[in-house]
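> For the sequence shown, this note's numbering gives the first residue as 2, with consecutive numbering after it.
My questions will all concern the structure given below.
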Amino acid sequence: MRSSHELEPGPQDAGRSGGTAMAGQAGAVSPERTAAMAEQRELAELAARCLAGDAAAWEKLARTQHRRIYGICYRFTGSQSDAEDLTQEAFLKMYRNLASFDPAKGGFTTWLTTLTRNLLVDNYRRSRMERASDSLDETYDGEEDGMTRGDRLADTGKSQEQVVAGMELRMQIQEALKQVSPELREAVILRDLEDMDYKDIAEVLGVPQGTVKSRISRGRAELARLLKRIEGQVM
2 MRSSHELEPG
12 PQDAGRSGGT
22 AMAGQAGAVS
32 PERTAAMAEQ
42 RELAELAARC
52 LAGDAAAWEK
62 LARTQHRRIY
72 GICYRFTGSQ
82 SDAEDLTQEA
92 FLKMYRNLAS
102 FDPAKGGFTT
112 WLTTLTRNLL
122 VDNYRRSRME
132 RASDSLDETY
142 DGEEDGMTRG
152 DRLADTGKSQ
162 EQVVAGMELR
172 MQIQEALKQV
182 SPELREAVIL
192 RDLEDMDYKD
202 IAEVLGVPQG
212 TVKSRISRGR
222 AELARLLKRI
232 EGQVM
């Protein structure tokens, strides 16, 4: 018959069980991350079907990515017509370069964002001038109710006065965003408007994560300074 101390777990057993529990927690994946990974797998499968000549896959891939790419182009240029043209160019580049996409090196959205960003930089360098800004109440392509993403976020449950104030603020933000230097502007757009994480932004911009964080911080500071100046002019 065993003694009582032989039946009780010792400190080593507690450490092992605690380590196992901690390992399980560390390995847990959030529902959001799981959904994002599933989306990237689906996009990779669509890309493979496109390369195999599946016309329906091309249509679906373009449809699912159009609004996001248009949004990046619009925020960068401030012009609806320029954004539409650049979005078309981005999808032409996607069509021509899809064979270079490698799922083992990263997600499809990061690959397409990198391609779009390079297009925007090339376009900016060619023009050497800022694009004229259209009103922020222009709709994204495909919006049936005439509301932008910013309208949806700002106007839910708002009074008429708050709606007007929100529209004025968005116009001021877009005006200020035009004046932020391009390398800071693109970092702020990808982080604060496209909600990308630092790792993906670093991959898109081709710089270390520390540089990304620095550009975002400096871009936000520059944007705040410009907004304060614009607000003073309005008053």
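Every residue gets a Cβ at the ideal spot worked out from N, C-alpha and C, and that includes glycine.
From a predicted model like this one, the values you see are computed outputs, not experimental measurements.
Roughly how many whole angstroms lie between the Cα atoms of residue 114 and residue 196?
Cα to Cα, residue 114 sits roughly 12 Å from residue 196.
> Can you look up residue 79 in the DSSP assignment and give me helix, strand or coil?
Residue 79: coil per DSSP, three-state reduction.
> Put residue 209 into one of helix, strand or coil per three-state DSSP.
In the structure shown, residue 209 sits in coil (DSSP, three-state: anything other than H, G, I, E or B).
> How many angstroms separate the CA atom of residue 63 from the CA atom of residue 98?
Their Cα atoms are separated by approximately 14 Å.
> Please list, in chain order, all residues of the same chain as residue 192 whose beta carbon is under 7 Å from its beta carbon, the five residues on each side excluded.
Cβ within range, chain order: 202 and 217.
> Taking the alpha-carbon of residue 100 as reference, which of 85, 117, 54 and 89 has the nearest alpha-carbon?
Answer by Cα proximity: 54.
> Rounded to the nearest angstrom, what separates residue 1 and residue 71 at their Cα positions?
The requested residue 1 does not occur in the structure, where the chain is confined to residues 2 to 236.
> Where does residue 83 land, buried or exposed, given buried means 16+ other C-beta within 10 angstroms?
The residue in question, residue 83, is buried, as its Cβ has 16 or more Cβ neighbours within 10 Å.
> Roughly how many angstroms lie between the CA atoms of residue 148 and residue 230, to the nearest whole one?
Reliability fails at residue 148, whose pLDDT of 45 lies under 50, so the model's placement of it is uncertain and the value that follows must be treated cautiously. Residue 148 and residue 230: Cα-Cα distance of roughly 28 Å.
> Round the Cβ separation of residue 76 and residue 194 to the nearest angstrom and send it over; I've been treating them as touching at under 8 Å.
Indeed they touch by this definition, with Cβ atoms about 5 Å apart.
> Tell me the DSSP secondary structure of residue 84 in three-state form.
Residue 84: helix per DSSP, three-state reduction.
> Could you check whether residue 177 and residue 224 sit closer than 8 Å to each other, using their CB atoms as the reference points?
For residue 224 and residue 177, yes; Cβs fall inside 8 Å.
> Compare the C-alpha of residue 208 against each of 185, 61 and 31 and name the closest.
Answer by Cα proximity: 185.
> Kindly indicate which three-state DSSP category residue 189 falls into: helix, strand or coil?
Correct three-state label for residue 189: helix.
> Which residues bound the alpha helix (DSSP H) around residue 52?
Residues 32 to 52.
> For the candidate residues 74, 94 and 105, whose alpha-carbon lies nearest to that of residue 46?
Looking at the Cα atoms, 105 is the closest of the given residues.
> For residue 122, which of helix, strand or coil comes out of DSSP?
Note: residue 122 maps to helix in three-state DSSP.
> How is residue 201 classed by DSSP in three states: helix, strand or coil?
Reduced to three states, the DSSP call for residue 201 is helix.
> Considering only C-alpha positions, which residue in the set 107, 81, 183 and 91 is nearest to residue 126?
Considering only alpha carbons, the answer is 183.
> Closer than 8 Å by C-beta to residue 143: which residues in its own chain qualify, once you throw out the five before and the five after it? Chain order, please.
Because the pLDDT of residue 143 is 42, which lies under 50, any placement of that residue in the model is unreliable, and the number read from its coordinates should be weighed accordingly. 67 and 68, listed in sequence order.
> Please classify residue 102: does DSSP put it in a helix, a strand, or coil?
Looking at residue 102 - three-state DSSP - the assignment turns out to be coil, as it is neither helix nor strand.
> Three-state secondary structure (DSSP) at residue 237?
No answer is possible for residue 237: the residues shown for the chain start at 2 and end at 236.
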